[in-house]
Amino acid sequence: MTIIVGDKTANDFYIPADQAFTTIGALPYLYEANLRRFCKQHQDEVDRGLLDLYLWRHEDHSYHLKGLLLDNDYALLTGSNLNPRAWRLDLENGLLIHDPQGQLASQHRAEVERILQHCRRLDHHRSLDSVASYPEPVQRILRRLARTRTDRLLNQVL
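The numbering used here applies: residue 1152 is where the sequence shown begins, and numbers increase by one.
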């Protein structure tokens, strides 16, 4: 299984260090902390080559891709986030393509290769920044969220 996600700096809510910080700027760090936890939980699968995690980053571009490719048989192209909240609430359209003869397989491979050009593979959860390395305002917000367990609620809403 291969999962490609955007680097925190490729998130539309990322605020560079030279700009004034606002609370919404903590969101990309929350996503990265969740990714770090996911990677840690599945480290054995990563080590055995059963799970490939990639982090996309390309200059100052943002990453907003969403889709699934399943065994060169199904492709889901959508604007919706791929999580339970989005599937319940978003009204965006999606297109499910069933291609049992593999007529689109080469196009899918080419698209994945273009995306992977700007990715780095996550070999270990420690290859992601830790909360301790985040800017102080972000650390403060994430500590507050964790202390009140609001981070769990946010993960259900986001």
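In this text, a Cβ means the ideal position worked out from N, Cα and C, and glycines have one as well.
Closer than 7 Å by C-beta to residue i: which residues in its own chain qualify, once you throw out the five before and the five after it? Chain order, please.
i       : result
Leu1247 : Tyr1225, Leu1227
Gly1253 : Asn1223
His1193 : Leu1202
Ile1155 : Tyr1205, Trp1207, Ile1266, Cys1270
Looking only at its own chain, which residues have a Cβ that is under 6 Å from the Cβ of residue i, when we skip the five neighbours before and after it?
i       : result
Thr1229 : Lys1217, Gly1245
Ile1166 : Phe1172, Gly1176
Taking the alpha carbon of residue i as the point to measure from, which residue in the options has its own alpha carbon closest?
i       : options                            : result
Asn1223 : Val1263, Arg1277, Asp1169, Asp1198 : Val1263
Val1289 : Ala1256, Arg1239, Thr1173, Asn1162 : Thr1173
Gly1157 : His1212, Val1197, Phe1189, Ala1171 : His1212
Leu1186 : Ala1297, Ser1278, Thr1299          : Ser1278
Tyr1214 : Glu1287, Arg1291, Lys1159, Asp1280 : Lys1159
So what does residue i bridge to, in DSSP terms?
i       : result
Asp1274 : For Asp1274, which the question treats as bridged, DSSP gives no partner whatsoever.
Trp1207 : Gly1157, Cys1270
Thr1174 : For Thr1174, which the question treats as bridged, DSSP gives no partner whatsoever.
Leu1246 : Leu1228
Leu1240 : DSSP output for Leu1240 lists no bridge partner at all.
Below 8 Å CB to CB, which residues in the same chain sit around residue i once its five sequence neighbours on both sides are set aside?
i       : result
Leu1293 : Ala1177, Tyr1180, Leu1181, Ala1184, Val1282, Tyr1285, Asp1302
Could you tell me whether the Cβ atoms of residue i and residue j are closer together than 8 Å?
i       : j       : result
Arg1208 : His1275 : no
Leu1273 : Leu1204 : yes
Leu1255 : Leu1233 : no
Ser1231 : Asp1241 : yes
Phe1189 : Ile1175 : no
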